[in-house]
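Written below as structure tokens is the structure these notes are about.
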Amino acid sequence: MSQYKGENKECPYCSGKGYFQLLLGGSETCSCCGGSGKEKQ
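Using our numbering, read the sequence shown as starting at 34 and increasing by one per residue.
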């Protein structure tokens, strides 16, 4: 689905989703990528 292969890797912490699914319900923005889902360079 990504247009640029190798340039923007997905964030390894949230698997490119930009958020974490919480066990008790709801979601939380991934602090590693700031919700973008991309790995920081």
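Where a beta carbon is used, it is the ideal one built from N, C-alpha and C, also for glycine.
Straight-line measurement puts the Cα of C65 at about 8 Å from the Cα of C44.
A direct Cα-Cα distance of roughly 18 Å separates S48 from G58. Less than 8 Å separates the beta-carbon of K50 from that of G70.
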